[in-house]
Every structure is written in C-alpha cells, then in structure tokens.
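Protein chains in written order, with the working numbering: chain A, 4 to 109; chain B, 606 to 863.
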C-alpha cells in the first residue's frame, strides 16, 4: 500500500474556498528507460486520480509518464457541507490507493 | 625589518592567503538560498515535501522489532522526538570502538548488527534513508555541532585535504567550485557553497531521497574522478569536514534540492 499524505483544512466556513494538497509515494516509472542490461523497464505509473466530496466527484486528473515520482496534486474547492473527502489513485499493475479526510463546515 | 620578523611576516601573509579561500562564517549560505521559489516552497511545506513520505515510513520502522534480538529502535531509544533530538547535528562523530568517525548511516547499521542482531541495511536502501531522514528531522533547526577535539582532528584534516586537493581527469578540487566560485553557474545551475545541511534530502533530479555520500559520488563523477564505495573512510572524512565547515548552520533535514 502506497503512502499518501493529504493536507486539507479540518474546519472551514461555509462557502470558503479551500486548498487541498495531495502527495502519494509512487515511482512513476516512465516505461522509456532501459535498465542496466539495456532492456526497457516496464511502465509503472499512476494513471488516474479522483477526489470525491461526500460522494460527489469534484476533481479528476489523468496522469502520464512525464509526471515525476511521488505525484503532488493540489486543487481548490468550495467548502459547502460537513463530510468526507475521498481520494483515490489508480494505475498500472492494478495499483490502487485510497485515503479520506473529514471536514467540518460551520 | 629583521630577518626573523620578515620570516614571520611572510608566514603570516601566506597563512592569510591560504585561509582566504575559506568562506567567512557569516557569508555562508545553505543550498536552500540558491533554489527557486517553487523548490523552496516544497521544502517549506512538509505536506509538499516527498521526503515526508519516507519519514512517515520510518516512524513505523522505528517501532518494528528486528533481528534475532527482537528489539526495535524504540526499545532502546524510546521516543525519537526526544531521544534523537540534536543527534544528527553531531554526526559524523567519533566512535571509540572503531577508533574513527562514523556517519549516521553507519551508526544505524552498528545498532542493527550489534543491538538488534539484524543484517545491516544497504546504503541508499529505502529503509536506511528513511531512518536517517527521521533521525535527522529531529534536529531540524538546530545548529550543526561537530566536535573538534584531538580524536576527530586528524580525520577532519584528512577531509580538508580531500576537499582542497585536485583530483580526477578534470583536475578539479571541491574547493575550486564551492569555496572559490559559489554563486556562479555551472551548466546553467547555480553552484552552491556545498554545505550538507539537509541530508538525507529529496533531490528532484534523483526523484528520491538520497544520502550525502550519494551526492559526493555525483560530484566526484562530475570531476571524472574515481569515487569510493559507500561507507569508505575517505567519504566519511569528507562528510566530517563538510559538516564542520557548516558548523553552526541550522539542520534542514529532510531538505529538497533540485
């Protein structure tokens, strides 16, 4: 299981624009590099990231081989209700990782 | 001027000339100050610094029982946040049993082999980098404090020689770049002063955490010099000299560098 780090405010005012920062450990092997014997190292990247706010998708990203290791994605949303932010990464070789954080909206 | 006075004068002038190459203490700058705003932002915010992922791994490793002794780091050292505070700022440090200085990586592996009775971790392995980053982080913000006593002095001197002597096919010394030409550009990249304040650090070029020895091997390769195997006494002496050269500067571990 990959380690992921979410930085989102635990509390926000209703209607406030909040920044969400996500960082996940992943090698993001491009598939274009040869190993020491000259054979290409197979591609192993995260291909998709989805963030849902109380079940509703608020952000989605497609990732490609040019993205560096340990992808760091940040985005903004409007805090409109108390609930949960769910984060989901998926990629090559059946890679999946999920994480969630709670947010209280006052 | 009498002859003894003239000789003394000459020695004083030569001495001053030799020392002039050293960067005055007040003018020292961390590699951080040579970085772009974006790279600084990565280091400033732990949640943006990929090295944090390794530090979190190490919190688990710290508690994990290892080896035939079945001991974890925490069994001897307790809470790293208190017991490891300031430790990394003192390394490399003199080890009585070995009669020479050892760096933090070697210290971790001595604990593994002698206390935990486990196999040593490979240099640049994820676990060793994570543990040294975790231990290093506990000294963050503290001044680097290398003992300069009779035990350490010969090794410090060996490190200084390694730093100032020309080597490799390009016939360069470390000092020619990092003492004499810092702030200039080398192939578009700024030349820092070479203070190892943030190791192990996350280097964007490597896309992973790496140790000071890996960085030194990089520099030696760039000078077309033959490097040393990880853990070689030459590299530890150089690490020791570099840390002493950065004495008093705050520890940034785990830093981010381009």
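Glycine included, C-beta positions come from ideal geometry on N, C-alpha and C.
Paired residues, beta bridge with residue 92 (chain A) - DSSP: Paired residue(s): A:52, A:100.
Nearest candidate by alpha-carbon position, reference residue 730 (chain B), set B:846, B:819, B:830: For residue 730 (chain B), the nearest C-alpha among the options comes from B:819.
Any chain B beta carbon closer than 7 angstroms to residue 24 (chain A): Among the residues facing chain B, residue 24 (chain A) is included, as its CB has a counterpart in that chain under 7 angstroms away.
Three-state secondary structure (DSSP) of residue 772 (chain B): Three-state DSSP puts residue 772 (chain B) in a strand.
Cα-Cα separation between residue 748 (chain B) and residue 803 (chain B), rounded to whole angstroms: Here the alpha carbons of residue 803 (chain B) and residue 748 (chain B) stand approximately 12 angstroms from one another.
Same chain, Cβ closer than 7 angstroms to residue 745 (chain B), neighbours up to 5 away in sequence not counted: The beta carbon of residue 745 (chain B) sits closer than 7 angstroms to the beta carbons of 856, 857, 858 from its chain, once the five residues preceding and following it are set aside; these are given in chain order.
Residue nearest to residue 775 (chain B) in terms of C-alpha spacing, selected from B:826, B:693, B:655, B:767: Shortest Cα-Cα distance from residue 775 (chain B) to any of B:826, B:693, B:655, B:767 involves B:826.
Close-in-space but distant-in-sequence residues of the same chain around residue 46 (chain A) (CB under 7 angstroms, 5 per side omitted): Taken in chain order, the residues that qualify are 32, 33, 34, 68, 95.
contact_flag[the segment 823-842 of chain B, the segment 664-673 of chain B] where n(CB pairs < 8 angstroms) is 3 or more: Because the criterion of three Cβ pairs below 8 angstroms is not met, the segment 823-842 of chain B and the segment 664-673 of chain B do not touch.
CB-CB length for residue 847 (chain B) against residue 761 (chain B), believed under 8 angstroms: The Cβ separation is near 10 angstroms, so there is no contact.
Residue 15 (chain A) and residue 21 (chain A) closer than 7 angstroms at C-beta: Cβ distance < 7 angstroms, so residue 15 (chain A) and residue 21 (chain A) count as in contact.
Own chain residues within Cβ distance below 6 angstroms of residue 105 (chain A), not counting five before or after: Residues of the same chain with a CB within less than 6 angstroms of the CB of residue 105 (chain A), apart from the 5 flanking positions on each side, are 87 in chain order.
Among B:852, B:771, B:756, B:695, the one whose alpha carbon lies nearest that of residue 703 (chain B): With distances taken between Cα atoms, residue 703 (chain B) lies closest to B:756.
Beta strand (DSSP E) segment containing residue 731 (chain B), residue limits: Segment 731-742 is the alpha helix (DSSP H) holding residue 731 (chain B); no beta strand (DSSP E) there.
Continuous beta strand (DSSP E) stretch holding residue 65 (chain A): start and end: For residue 65 (chain A), the enclosing beta strand (DSSP E) begins and ends at 59-65.
Residue 842 (chain B) beta carbon less than 7 angstroms from that of residue 792 (chain B): In this structure, residue 842 (chain B) does not lie closer than 7 angstroms to residue 792 (chain B) by Cβ.
Span of the alpha helix (DSSP H), counted from its first residue to its last, around residue 709 (chain B): The continuous alpha helix (DSSP H) containing residue 709 (chain B) extends over residues 709-715.
Cut-off 6 angstroms between Cβ atoms - residues of its own chain near residue 782 (chain B), not counting five sequence neighbours on either side: These residues qualify, in order along the chain: 796.
Partner residues on chain B for residue 105 (chain A), Cβ-Cβ distance less than 9 angstroms: Ordered by position in chain B, no residue passes the 9 angstroms Cβ test against residue 105 (chain A), which lies about 17 angstroms from the chain.
Segment limits, beta strand (DSSP E) that includes residue 81 (chain A): That run of the beta strand (DSSP E) goes 75-81.
Chain A within 7 angstroms of residue 624 (chain B), Cβ atoms only: Low local confidence applies: a pLDDT of 42 at residue 624 (chain B) is under 50, so the model's placement there is unreliable, with the coordinate-based value given in what follows. At a cut-off of 7 angstroms, the C-beta of residue 624 (chain B) has no neighbouring C-beta in chain A.
Residue 861 (chain B), buried or exposed, once every other Cβ within 10 Å from all chains shown has been counted against 16: Within a 10 Å sphere around the beta-carbon of residue 861 (chain B) sit 16 or more other beta-carbons, which makes this residue buried.
Simplified DSSP state of residue 786 (chain B), which is helix, strand or coil: When DSSP states are grouped into helix, strand and coil, residue 786 (chain B) belongs to the coil group.
Pair within 7 angstroms by beta-carbon distance, residue 815 (chain B) and residue 808 (chain B): Using a Cβ distance threshold of 7 angstroms, residue 815 (chain B) and residue 808 (chain B) count as a contacting pair.
Interface residues of chain A facing residue 662 (chain B) [CB-CB closer than 9 angstroms]: By Cβ distance, chain A contributes 6, 28.
Whether residue 82 (chain A) touches residue 108 (chain A) by CB criterion (7 angstroms): In this structure, residue 82 (chain A) lies near residue 108 (chain A), with their beta-carbon atoms less than 7 angstroms apart.
Helix, strand or coil at residue 760 (chain B) according to DSSP, with G and I counted as helix: The DSSP-derived three-state label of residue 760 (chain B) is helix.
Beta carbon proximity, residue 62 (chain A) to chain B, threshold 7 angstroms: Taking Cβ atoms only, chain B never reaches closer than 7 angstroms to residue 62 (chain A), which makes this a no.
Cβ pair count under 8 angstroms reaching 3, the segment 731-741 of chain B against the segment 681-695 of chain B: By the Cβ criterion, the segment 731-741 of chain B is in contact with the segment 681-695 of chain B, since at least three pairs of Cβ atoms, one from each stretch, lie closer than 8 angstroms.
Burial state of residue 618 (chain B), where buried means 16 or more other Cβ atoms lie within 10 Å: Note on residue 618 (chain B): pLDDT 42, under 50, position unreliable in the model; the coordinate value appears next. Flag for residue 618 (chain B) reads exposed.
Residues that residue 812 (chain B) contacts on chain A, provided the C-beta gap is smaller than 9 angstroms: The contacting residues are 30, 31, 71, 72, 73.
CB-CB length for residue 65 (chain A) against residue 50 (chain A), believed under 8 angstroms: Confirmed, about 7 angstroms.
Validate contact between the segment 642-661 of chain B and the segment 70-80 of chain A using beta carbons, cut 8 angstroms, 3 pairs: Short answer: they touch.
Beta-carbon neighbours of residue 10 (chain A), restricted to chain B and to distances below 9 angstroms: Neighbours of residue 10 (chain A) on chain B, chain order: 650, 651, 652, 653.
In DSSP terms, what residue 21 (chain A) is bridged to: In the DSSP assignment, the residues bridged to residue 21 (chain A) are A:80.
Chain A contact for residue 658 (chain B) (CB, 7 angstroms cutoff): Output row for residue 658 (chain B): interface = yes.
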